[in-house]
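Quick note: the numbering used here has the sequence shown finishing at residue 490, numbered continuously throughout.
Idealized CB from N, CA, C, for every residue including glycine.
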Amino acid sequence: MSVIKIAFLVLSAVSLVAGYVVNHPTSTNPEFPGHCWVEDLKQAVKSGEEWTNREKCEKISCSDDFSYEIVGCGLLSPPPSCTITPIDNTKNYPDCCPKFSCN
């Protein structure tokens with residue numbers, strides 16, 4: 388395998404993990420004091436902690452001000468002779484992210 392192809396695969400894998408970041412303003416629910424409330428998922432995440440949404444392979448982090456951040460996998464086209472593995476719902480982010488599988 389050429390050095391260029393190896394470098395491309397390594398850089399692509401790093402980009403795949405980098406993915407996306409979405410910041411949400413303060414969101415709380417009186418039924419879950421001390422937690423961020425992720426309305427779309429009906430999920431409470433304790434302030435200062437993280438939770439993995441395994442269905443979408445996302446990490447949700449709750450800040451002390453009850454704002455939260457969602458980090459997820461990126462989307463890339465595989466290089467020639469490679470495919471992309473599906474999300475692994477048994478693992479936490481970023482290990483659940485799709486990866487390149489090349490011959």
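Kindly indicate which three-state DSSP category residue i falls into: helix, strand or coil?
i: E445; result: strand
i: C483; result: coil
i: L403; result: Annotation note: pLDDT 45 at L403 (below 50); position unreliable, coordinate value reported separately. Helix, per DSSP.
i: V397; result: Reliability of the predicted coordinates at V397 is poor, the pLDDT of 48 falling under 50, and no value is obtained from them.
Once you ignore the five residues that flank residue i on each side, which residues in its own chain have a CB closer than 7 Å to its CB?
i: V432; result: H422, C423, V425, W438, I447, C449, Y455
i: S468; result: C489, N490
i: P465; result: I471, F487
i: P412; result: S454
Would you give the residue range spanned by the beta strand (DSSP E) that residue i belongs to?
i: C489; result: 487-489
Looking only at its chain, what residues have a beta carbon closer than 6 Å to the beta carbon of residue i, apart from the 5 residues adjacent to it on each side?
i: N416; result: W424
i: V458; result: V408, K446
i: N410; result: E456
i: D475; result: C483
Within the 7 Å Cβ cut-off, does residue i reach chain C?
i: G421; result: The chain inventory of the structure shown lacks chain C, comprising one protein chain alone.
Am I right that residue i and residue j are in contact with their C-beta atoms under 8 Å? What's the rounded C-beta distance?
i: C484; j: R441; result: With 8 Å as the limit, C484 and R441 do not qualify as a contact, their Cβ atoms being about 12 Å apart.
With a CB to CB cut of under 8 Å and the five nearest residues on each side skipped, what residues in its chain are close to residue i?
i: S414; result: C423, W424, V425, E426, F453, S454, Y455
i: T477; result: R441, C483
For this session: Quick one: which unbroken beta strand (DSSP E) runs of 3-plus residues sit fully inside the segment 406-478? Chain order, please.
Result: 407-411, 422-425, 430-433, 437-440, 445-449, 455-459, 469-471
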